[in-house]
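>
In the numbering used here, the protein residues as written are 244 to 514.
1) Run the CB neighbour count on residue 406, radius 10 Å, all protein chains shown included, and call it buried at 16 or more, exposed below.
2) Quick check: the stretch 474 to 489 against the stretch 363 to 381, are at least 3 beta-carbon pairs closer than 8 Å?
3) For residue 470, which three-state DSSP category applies?
4) So what's residue 493 in DSSP terms, helix, strand or just coil?
5) One question on the structure: do residue 493 and residue 297 come within less than 8 Å of each other, judged by their Cβ atoms?
6) By the three-class DSSP mapping on this structure, what secondary structure does residue 323 have?
7) Whose C-beta lies closer than 7 Å to the C-beta of residue 502 among residues of the same chain, with five residues either side of it excluded?
8) Here's a check: name, in chain order, each residue in its chain whose Cβ is nearer than 8 Å to the Cβ of residue 395, leaving out the five neighbours to either side.
9) Does DSSP classify residue 512 as helix, strand or coil?
10) On the criterion of 16 or more Cβ atoms from any shown chain inside 10 Å, does residue 452 qualify as buried, or is it exposed?
11) By how many angstroms is the C-alpha of residue 436 removed from the C-alpha of residue 236?
12) Could you have a look at residue 305 and say whether DSSP puts it in helix, strand or coil?
13) Cα-Cα, which of 397, 485, 486 and 448 is closest to residue 470?
14) Kindly indicate which three-state DSSP category residue 458 falls into: helix, strand or coil?
15) At a cut of 8 Å, does the stretch 382 to 400 reach the stretch 415 to 432 through at least three beta carbon pairs?
16) In angstroms with no decimal places, state the Cα-to-Cα distance between residue 414 and residue 450.
17) State yes or no: is the C-beta of residue 308 within less than 8 Å of the C-beta of residue 377?
18) According to DSSP, simplified to helix, strand and coil, what is residue 556?
19) Pull up the distance between the alpha-carbon of residue 374 and that of residue 466, whole angstroms please.
20) Going by C-alpha distance, which of 321, 304 and 398 is nearest residue 456?
21) Mind reading off the beta-carbon distance from residue 330 to residue 358? Whole number of angstroms is fine, and I expect it under 8 Å.
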C-alpha cells in the first residue's frame with residue numbers, strides 16, 4: 244500500500260486488510276486446536292494395561308507374601324487375574340528355558356536371573372532377605388550359632404547347593420570354616436523348614452521370612468550380619484509373555500510403595 248494514499252482511502256484499505264486477516268488467523272488457530280484435540284486422547288489416556296490372566300513364576304520363599312500381594316494387585320486392577328507357581332528358583336529357571344507358558348519371573352537370587360537374560364526383560368531387585376537357623380520346638384539342643392551345626396549329634400537339613408538358599412548356606416558355612424553334614428538336601432527352602440517343623444530334622448538354614456508363620460513349631464536363632472548372607476530378589480517380565488504390557492505393569496508395581504509395604508510387613512528388607 245502506498246504511504247501517499249489520501250487518509251480516508253488509507254483508512255478504508257487498512258480496515259479491509261484487517262477484516263481479511265481475522266479469518267486467516269482464525270483458520271490457523273482452528274488447525275492448532277484440531278491438532279491439540281487429536282493429541283489429547285493419547286496424552287490423557289490411562290496407562291492402565293488391558294486386563295489379563297498372568298502366570299507368575301516365583302521363588303518358594305515368596306509363597307505367603309505373594310498371595311497377599313496378588314490379591315491386592317487384582318483388587319486395584321479389576322479384570323486381571325494372577326496365578327502364581329512357586330518352586331525353587333532353579334526349578335523355575337528350568338521351566339523358563341523349556342518354554343513353559345508364563346509372564347513374569349521372581350527369583351531368590353541374582354545368579355539365577357542373570358542366567359536367563361536372553362529370556363527376560365530387564366530385572367529389578369524388589370526385596371532382600373537374610374538367613375536364620377530354624378531349630379526344633381523349644382530349641383532342645385540349645386543351638387546358639389552356626390558353629391553348633393557341626394555337631395554330628397544334631398540332624399541338620401539344608402537346601403541343595405543349586406538352590407539359592409542352599410548356595411547362601413554353603414557360602415556362610417564355608418566363610419566360617421564350619422563343616423556340616425546334612426541328613427538331606429532339599430529342593431527349596433519350604434521343604435527345609437517343613438523337615439524341622441515335622442521333627443524330621445533338628446535344625447536347618449532358612450530365610451527369616453519363612454519362619455514368621457511357623458509359630459511355636461520352630462525356634463529361631465539369629466545369625467549375626469557379619470556371618471550372614473543377603474539374598475536379593477530380582478523380578479522381570481518374560482520376553483515370551485503373550486501379555487507383555489500387563490506383565491511389565493505387574494513387575495513395575497512390585498517396586499511401588501503399596502507392594503513394598505506388603506513385602507516389608509512380611510519381614511522382607513528394602514531392596
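Where a beta carbon is used, it is the ideal one built from N, C-alpha and C, also for glycine.
According to the structure shown:
1) buried
2) yes
3) helix
4) helix
5) yes
6) coil
7) Within the same chain, residue 502 has close Cβ partners 312 and 496.
8) Here the set comprises 424.
9) strand
10) buried
11) A query on residue 236 cannot be resolved here, the shown segment of the chain reaching from 244 to 514 and no further.
12) helix
13) 448
14) Note: residue 458 maps to helix in three-state DSSP.
15) In short, these stretches touch, since the Cβ pair count reaches three.
16) 14 Å
17) Residue 308 places its beta carbon 8 Å or farther from that of residue 377.
18) The structure shown does not extend to residue 556, since the chain is modelled only from 244 to 514, so the question has no answer here.
19) 7 Å
20) 304
21) The Cβ separation is near 16 Å, so there is no contact.
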